[in-house]
Amino acid sequence: MKKNTLLALSIAVLATAAGCNKEEPLSKDAGLEGVNVTEGDAGSGHAKLFVLNEGNYQKNNSTLDFFRFKDGNYVTDAFSSMNPNVTQGLGDTGNDIALDDGRLWIVMNGSGMVHVLDAKDESLIATIKVPDPRFIAFGKDYAYVSSYAGAVYGGEETKGKVFRVDRRKFTVEGSVEVGCQPEGIAVSGGTVWVANSGGYNYVHENTVSMIDEASFKVKGAVDVASNLHLLGSDRDGRIWVTSYGVSTWNQDASGNWVQEMSEPMGLFKVTGNGSETIAGVHASIMTCCDDGSVYTIGNASEMSGGFDNTLYKVDASTGAVKAVSLSGTDASKVSNPYGIAVNPDNGDIFIADAPYTGPGKVWCFTKDLTLRWSAVAGMLPAHMVLY
Amino acid sequence: MAFAGIFLTAVLWAATPGGAVPVHDRPDTLGAAAVTSEASSIVPPRTVGQEKLRLSPTVTSAVRRFAGVQVRDYGGVGGLKTVNVRSLGSEHTGVFIDGIQVDNAQNMQVDLGRFGTSSLQAISIYPGGKVSVLQSAREYASASSLYLLGAEPLFEEGRNHSLKAGLRTGAFGTVAPSLSWSRKFSSGVSLATCAEAVRSTGRYRFHVKDYRVLDDGTTAGYDTTMTRANCDLHSLRTEARLFSAPGSGDTWSALAGFYASGRGLPGPVYKRADEYPLSLDRQKDRDFFLQGRWARPLGRRWTVMARAKLSCSFLEYQDFPEFRPEGSAAVFTYTNSSAYASAAALFRAGRYWKLNLAQDLQYSYLDANLASFAYPGRTTSYSAVSAMFSRGGLDVSASLLLQGTFDTFASSPGTAGGQAPSGSPVPPAGGIPGGDSGSTHGIGRSRATRTVLMPSLSGRWKVSERFSLDGFARRTFRMPTFNDLYYTTVGSKSLLPEDALQFSFGAAWSPLSGPEGDLSLKADVYRNYLRNKIIAVPTSNQFRWSMYNLGKVRMTGAELAGEYSRTAGRVGFGLAGRWSFQRASDLSDRDALTWKGQIPYIPLHSGSADLYATFDGWRLDLICFTTGERFSTSANLPAYRLAPWTSLDAALAKEFKVLGRQATARLSLNNLLDEQYEVVDNYPMPGFNAMLNLEVYF
């Protein structure tokens with residue numbers, strides 16, 4: 264999922280980027296035509312929407328796509344097209360994508376690498392070796408990458424780590440141990456915040472670790488909820504985190520086995536002193552948008568085993584929640600929402616849709632969930648960032 | 013059909029003269045003759061006989077020769093190899109050794125790589141299942157069946173024992189010595205034993221490459237040579253078979269088998285940072301089974317047959333040690349125990365009618381070292397009745413099988429622990445190994461019952477001595493496996509059985525036989541429907557996947573096979589060709605990109621051709637396999653395409669005498685064109701390789 268930090272950064276970078284595009288009309292990737300999915304919008308404040316397809320685990324089919332606002336074309340597998348000589352392409356299981364100073368950082372979980380690309384034309388600048396990397400966020404001088412650090416499903420309990428990577432030299436500059444199987448990460452107020460999932464443990468973790476950016480030492484942890492997942496910081500630096508919830512299998516009256524949730528996949532606001540549950544919000548995917556809102560999509564009927572994918576817009580400063588069920592809107596066609604991004608300029612909502620059988624789609628809706636366009640993506644599209 | 017002839021005589025152990033070693037003629041008693049003459053399957057199988065089996069050290073390489081059969085091969089000596097007939101999936105193919113099914117309650121995938129061919133007499137495949145007299149009820153339950161038939165020992169005149177020593181060596185650092193010893197006792201009972209040990213590094217080079225045309229018209233890409241690692245195999249396979257004395261009223265046979273192996277699981281090839289290895293997973297197997305069957309004629313009208321089997325399979329799996337070189341691997345163990353018994357009776361109701369009745373019972377239990385495991389036990393009852401009508405050249409059979417499975421399992425699986433690694437739709441297994449496995453054992457067990465009725469109709473009409481028509485229609489159900497049902501985070505305990513409906517029609521023509529050679533041609537067309545196919549989909553919580561009956565596939569296929577052979581003086585030669593067309597459309601989801609796409613790994617066209625020539629104890633074989641393009645998902649987009657491939661193999665064999673003993677040397681040159689290909693996405697197959705096989709009869 265995109266870190267809001269990077270969204271913030273990307274916005275900051277935007278003006279420059281857009282300017283560059285006008286002076287240099289032919290970027291090296293301009294030759295990639297892709298498929299036209301909608302009318303071009305030359306006046307958009309954005310050049311591209313990058314989409315990272317996770318690919319199937321250990322199938323080496325993670326790919327990078329982008330939607331180009333200027334001509335309304337959707338380009339698949341841009342990384343391999345722009346870097347054809349890179350052996351085995353992008354690699355295996357892309358897990359996060361983030362923008363920093365005109366560079367696109369892509370976290371490859373299965374390959375154990377972080378790629379740094381020129382966001383302008385997707386050309387590869389550097390590849391950094393990081394074991395089991397999960398998510399990335401940027402501080403002043405460093406990128407911070409959460410890592411399972413050798414933990415395996417079913418293995419003995421192993422603490423995860425946060426690796427520190429120099430933003431300019433692309434070298435790993437140490438690591439610090441956090442909770443088990445750390446996931447989402449963000450930097451805010453001189454602190455690196457990491458969500459610990461403990462997803463491989465029989466009893467999951469329930470904390471967010473705090474690392475002091477200056478000393479790169481853990482300074483504490485905040486209790487939130489079981490099995491934390493995505494973490495981001497909003498426009499004003501507040502920290503938001505989602506949990507996987509708690510589920511059990513139970514037999515119903517007719518003897519059928521159904522999965523029941525005892526805790527929903529919730530959204531929480533975290534401070535150094537504690538956390539606050541955002542009541543009524545279900546969150547399997549989340550994005551913190553620079554329009555001052557946190558958006559999530561979750562299944563409102565998850566507690567009863569039903570399906571009701573719902574979009575939640577949480578006002579980051581007041582905590583007010585607006586919920587819209589996807590059914591009954593154009594977004595009802597989304598089969599399995601797997602990633603979300605929102606354009607802060609006009610409120611357009613991008614949903615990465617990862618159906619269980621084949622390649623996924625990227626959908627673009629207006630803020631009232633009217634379809635603008637959709638495009639066929641790669642396998643398991645999940646992580647998006649606006650450039 | 014010569015194939016059918018060989019098979020039917022073999023199947024009930026009448027002596028079949030042939031092979032390199034002369035044998036005594038064995039007078040058939042009336043009883044045995046009565047049994048054997050009725051043992052043909054109504055729709056004849058495709059069979060690879062002993063002669064061609066010798067070219068194939070593994071069952072997989074022999075089975076590849078059948079039209080309509082796809083071998084899913086993960087590559088290399090120790091790579092999993094399963095068989096899929098007419099696109100129905102390997103779970104729908106029953107594998108039978110000496111007439112009794114090989115179990116795998118866990119996932120119903122039988123690894124053909126672990127069966128050798130040296131002790132076999134024939135391998136037969138029945139695309140519509142076998143239908144013959146005295147058949148066990150379970151034999152009606154598979155959509156298609158693969159039969160491995162053990163060879164009854166043959167003895168030279170004046171001898172009551174025989175000994176054969178063999179050595180297979182060559183590529184992949186393989187050394188595989190084998191020994192077969194047979195003995196005939198004064199009672200007439202004969203014993204055949206064999207043992208084969210395999211030691212192999214399994215290593216081979218392969219290419220990882222991708223070239224693409226850039227927008228300026230130039231081509232760019234990469235081609236890197238890598239070595240397949242962590243693919244070693246150490247295995248020991250021993251078998252002992254007892255055969256009843258010929259001429260007595262009873263016919264029986266028994267088989268004891270033991271297989272032990274340790275192997276590296278190299279996993280798929282994917283990009284890893286420098287110094288991070290690909291999979292270092294390991295698997296250890298210990299399989300033991302004991303089985304037997306016995307038939308006796310009772311008067312003129314009845315013949316009865318009994319079968320029984322006990323088996324125990326232990327599997328140990330070391331997961332992801334490569335992620336933690338300094339720590340210990342996660343170790344998962346599974347023990348699958350089963351017991352099986354069957355009684356069948358044949359009643360000759362009149363001149364034209366026969367009735368076959370069979371009742372089988374099977375019990376399987378799966379133990380594992382996972383906490384919150386379901387410890388499933390399954391009792392399966394198979395009851396079959398089948399009526400056969402034969403008059404003139406017409407044979408028709410109608411059968412009905414009632415199958416009921418009764419599962420019991422620990423009913424408090426508790427909190428679904430763990431989540432899938434990112435991007436992995438299905439977690440590797442439920443629970444955590446090393447948990448308190450005793451806590452849910454036997455207490456609070458729940459039950460689940462599934463009952464299905466499977467009808468089938470098959471027939472064959474011999475229009476003339478040279479021309480016949482055959483066909484079948486049948487409905488079979490594949491029960492959900494323990495994997496489908498009882499992995500705590502994945503299993504959905506309310507799954508229905510997969511429903512397969514098959515229709516097939518064929519014609520066989522033998523226009524030529526005798527001194528001008530033998531020519532036979534076979535053509536088949538078929539239509540299959542698969543419904544309620546079990547697939548993994550997200551639950552109400554997308555991070556926890558579950559199994560649902562959502563898949564739907566329609567297959568339309570055609571097969572053509574032809575064979576010609578001729579002997580002229582000292583020279584013999586033959587050629588054969590097979591072509592298969594399979595259109596297998598995914599009809600699961602009308603709104604998905606997979607709608608009407610060809611299902612994964614099934615080529616539209618595939619075929620093989622082979623050629624042999626013999627002269628003065630020399631034999632040369634050339635075999636060519638070709639498979640058209642396939643896709644790794646039902647969304648048939650270019651990104652998921654697997655390239656077509658063709659492989660050419662050659663084998664040169666010579667029979668000769670060493671110190672007065674008969675010996676054979678065979679040099680096999682496989683993949684002569686050094687084709688780089690994949691059967692399964694990201695599992696590269698070996699390029700050119702050579703093996704030498706020596707056999708001496710003492």
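Going down the list, the protein sequences come from chains A and B. First residue of the first sequence? That's 264 in the numbering used here, and the numbers climb one at a time after it. First residue of the second sequence? That's 13 in the numbering used here, and the numbers climb one at a time after it. Each residue gets a CB set at the ideal place from its N, CA and C atoms; glycine is no exception. Everything numeric in this text was worked out from a predicted model, so none of it was measured.
Check	Outcome
Closer than 8 Å to chain A by CB, Y288 of chain B	yes
For S325 of chain A, the three-state DSSP class (helix, strand or coil)	coil
Top-ranked residue by Cα proximity to R312 of chain B, from B:D286, B:K321, B:Q303, B:A361	B:A361
8 Å Cβ cutoff, K322 of chain A in contact with chain B	yes
Min CB distance L605 of chain B to chain A below 8 Å	yes
Length at least 3, wholly inside the stretch 626 to 709 of chain B: the beta strand (DSSP E) runs in chain order	630 to 639, 657 to 670, 673 to 682, 690 to 692, 701 to 709
V187 of chain B: first and last residue of the uninterrupted beta strand (DSSP E) it sits in	186 to 196
Start-to-end residues for the beta strand (DSSP E) that takes in Y498 of chain B	From DSSP, Y498 of chain B is part of no beta strand (DSSP E) but of the alpha helix (DSSP H) over 494 to 498.
Cα-Cα separation, L203 of chain B to A252 of chain B	7 Å
Residue range of the unbroken alpha helix (DSSP H) whose run includes E328 of chain B	Counting along the chain, E328 of chain B falls outside any alpha helix (DSSP H), though it belongs to the beta strand (DSSP E) covering 314 to 331.
Any chain A beta carbon closer than 8 Å to G276 of chain B	no
Whole-number beta carbon distance between F418 of chain B and T461 of chain B, since they are thought to touch under 8 Å	5 Å
Under 9 Å by beta carbon: chain B residues contacting K392 of chain A	A285, D286, E287, Y288
Exposure of K176 of chain B, with buried meaning 16 or more beta-carbon neighbours within 10 Å	buried
Three-state secondary structure assigned by DSSP to E510 of chain B	strand
Own chain, CB closer than 8 Å to V485 of chain A, minus 5 neighbours either side, in chain order	T470, V471, M473, V533, T534, G535, N536, G537, S538
CB contact flag (V201 of chain B, S131 of chain B, <8 Å)	no
Segment limits, alpha helix (DSSP H) that includes M345 of chain A	341 to 345
Residues that DSSP places opposite L226 of chain B in a beta bridge	Paired residue(s): none; L226 of chain B is not in a bridge.
M376 of chain A: contacting residues in chain B (beta-carbon distance under 7 Å)	A285
Residues in the stretch 594 to 609 of chain A having any Cβ partner in chain B nearer than 9 Å	K596, S598, N599, P600, Y601
Expected contact under 8 Å - CB spacing of G589 of chain B and G619 of chain B to nearest Å	7 Å
Environment of A665 of chain B [buried if 16+ CB atoms lie within 10 Å]	buried
Distance between F484 of chain B and C324 of chain B (C-alpha atoms, nearest Å)	35 Å
Bridge partner(s) assigned by DSSP for N459 of chain A	A:P445
Beta carbon proximity, N348 of chain A to chain B, threshold 8 Å	yes
Beta-bridge pairing of V60 of chain B - partner residues as DSSP gives them	B:I135
Minimum Cβ-Cβ distance from K266 of chain A to chain B less than 8 Å	Summary for K266 of chain A: the model assigns pLDDT 44, below 50, so the residue's position carries little reliability; its value from the coordinates is reported in the next sentence. Output row for K266 of chain A: interface = no.
Assumed close pair V425 of chain A, V415 of chain A - CB separation to whole angstroms, cut-off 8 Å	The Cβ separation is near 19 Å, so there is no contact.
Top-ranked residue by Cα proximity to S73 of chain B, from B:G274, B:E687, B:S659	B:S659
Bounding residues of the beta strand (DSSP E) (the contiguous stretch that carries V408 of chain A)	405 to 410
Terminal residues of the alpha helix (DSSP H) in which S73 of chain B lies	71 to 75
Where H467 of chain A sits in the DSSP three-state scheme	coil
Three or more C-beta pairs below 8 Å linking the stretch 626 to 638 of chain B and the stretch 593 to 608 of chain B	no
Chain B residues whose Cβ lies nearer than 8 Å to that of S343 of chain A	D222, R224
Closer than 8 Å to chain A by CB, P280 of chain B	yes
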